[in-house]
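Novice: Structure below; questions to follow.
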Amino acid sequence: MPDRPPPTLRLTVDTGALASPDMASSLRQFSASAGAAVKADCYGLGVDKCVPALRAAGCEHFLVAHWSEVADVAQHIPAGQIAVLHGVMTQEDASYAKAIGAIPVINSLHQAQVWQASGGGRCHVMVDTGINRLGISPAEVSEDVIQSLDVDVLMSHLACADEDSAMNARQLARFKEVFSAVPHRALSLANSAGIALGPDYHFDLTRPGLSLYGGVPRAELADAIRPVAGVEAALLQTRAIAAGDTVGYNARFTAPRDMRVGVVSLGYADGILRSWGEHGAFELGGNRLKMLGTVSMDMIVIDLTAAPDLREGDWVSLPYSLRDAAQQSSLSQYELLTVLGKRLRDSAA
Ligand SMILES: *Cc1c(COP(=O)(O)O)cnc(C)c1O
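In terms of our numbering, the sequence shown opens at residue 25 and continues consecutively.
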């Protein structure tokens with residue numbers, strides 16, 4: 025096969041910001057030890073880029089959701105440092121866990137039975153303190169099958185840590201009631217937002233994800249977090265349109281005057297969803313280049329009024345500072361990362 029020409033779109037991942045001394049020290053200041061959530065290919069930014077940077081920053085615990093995610097992460101760190109949040113549902117899961125050496129998070133009595141039936145061994149346990157998602161209930165912790173587990177980290181997960189909600193204190197109180205009832209080596213409660221709720225929430229191990237990748241789940245963290253992801257693409261064409269002309273599918277934009285527009289090599293297949301439409305803008309040299317009309321699968325048309333010198337082949341960037349981008353696109357900061365499409369992720373630089 026011939027070499028491919030360079031792509032016309034690019035995802036940039038600033039591993040310096042990901043594992044900056046700033047970030048590492050603020051994580052240390054915020055918690056005794058941090059375990060990084062690296063599920064979903066490091067929230068879309070790429071395990072091969074991000075995990076080595078996190079390892080270099082001193083991270084020793086890594087969380088994925090699925091067993092299918094373990095092997096890629098284990099290319100960079102010992103499998104014994106990987107926890108699998110979905111736990112062991114079947115005997116096949118348990119056998120795989122043993123074979124590869126990653127640690128299951130036990131989420132139910134059934135999972136505890138599966139794990140014990142496979143011979144058991146070191147595991148983590150998730151207790152549900154109110155999110156009602158995964159986890160054994162506080163009433164179940166006294167069951168023999170839980171009591172006989174070899175529990176490394178006893179954890180729970182906060183539902184509303186990014187809000188000032190009474191739920192946070194309620195979950196903290198429930199966690200404290202339950203943890204003396206299960207023998208364990210370490211305790212863990214806080215995700216990124218939970219870290220900002222203060223030392224009461226930190227325990228032995230925190231579990232940041234979003235904040236590592238440039239997301240700001242609470243204002244208190246804004247100063248410690250730098251953007252990590254960037255999105256750039258080339259102009260495939262520029263064109264002059266006349267007042268009254270329309271742009272794109274369903275003719276959603278009508279030019280109010282004669283104007284110059286550019287066609288950017290990026291679309292919803294790359295994760296730039298139609299919901300950006302009305303408020304989204306690219307940027308060049310501090311100028312906003314507004315998106316016009318409906319986002320297509322592979323193209324977005326932008327207003328070049330503020331950048332009259334741009335030509336075919338020039339590049340523009342889509343500001344991907346997650347707090348602002350979330351407002352513009354009405355997506356969550358989490359979705360903005362995990363929605364990034366394959367073409368863009370394969371182009372990561
Ligand atoms: C994804 C996840 C995290 C990380 O959460 P962020 O909000 O991204 O910091 C922590 N704990 C569990 C159980 C998770 O599923």
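Beta carbons are placed, not taken as given, at the ideal position from N, Cα and C, and that holds for glycine.
Keep in mind the model is a prediction, meaning the values are calculated, not measured.
Is DSSP giving Thr-39 helix, strand or coil here?
Specialist: helix
Novice: Can you tell me the Cα-Cα spacing of Ala-118 and Val-112, whole angstroms?
Specialist: 6 angstroms
Novice: When the Cα atoms are used, what is the spatial distance from Ser-180 to Gln-351?
Specialist: One alpha carbon belongs to Ser-180, the other to Gln-351, and they sit about 29 angstroms apart.
Novice: Excluding sequence positions up to five away, which residues of its chain have a Cβ less than 6 angstroms from the Cβ of Trp-339?
Specialist: Glu-256 and Ala-258
Novice: Taking the beta strand (DSSP E) that Met-179 belongs to, which residues open and close that run?
Specialist: That run of the beta strand (DSSP E) goes 174-179.
Novice: Per DSSP, Glu-307 is paired with what?
Specialist: Arg-312 and Ser-341
Novice: Check whether the Cβ of Asn-192 sits closer than 6 angstroms to any heavy atom of ligand 1, and report yes or no.
Specialist: no
Novice: So the candidates are Ala-220, Gln-135 and Ile-265; which of them puts its Cα closest to the Cα of Leu-245?
Specialist: Ala-220
Novice: Would you list the one or two residues that DSSP bridges to Cys-147?
Specialist: Val-175
Novice: Met-283: which of Leu-328, Ala-349, Leu-346 and Leu-182 sits nearest, CA to CA?
Specialist: Leu-328
Novice: Near Arg-209, which residues of its chain fall below 6 angstroms by C-beta distance, leaving aside the five closest residues on each side in sequence?
Specialist: Within its own chain, the residues whose Cβ lies closer than 6 angstroms to the Cβ of Arg-209, once the five positions on either side in sequence are excluded, are Asp-176, listed in chain order.
Novice: As a quick check of your reading: which residues have a C-beta less than 5 angstroms from at least one non-hydrogen atom of ligand 1, in chain order?
Specialist: Ala-61, His-181, Asn-215, Ser-216, Arg-231, Pro-232, Gly-233 and Leu-234
Novice: Which residue marks the beginning of the beta strand (DSSP E) containing Met-283, and which one marks its end?
Specialist: 283-288
Novice: What did DSSP end up calling Asp-327 once you bin it into helix, strand or coil?
Specialist: Residue state, collapsed to three classes: strand.
Novice: Considering only DSSP beta bridges, list what Arg-34 is partnered with.
Specialist: DSSP output for Arg-34 lists Glu-256 as bridge partner(s).
Novice: Below 8 angstroms on the Cβ atoms is my guess for Lys-63 versus Ala-80; work out the distance and round it to an integer in Å.
Specialist: Actually they are not in contact, since the Cβ atoms of Lys-63 and Ala-80 sit about 20 angstroms apart, beyond 8 angstroms.
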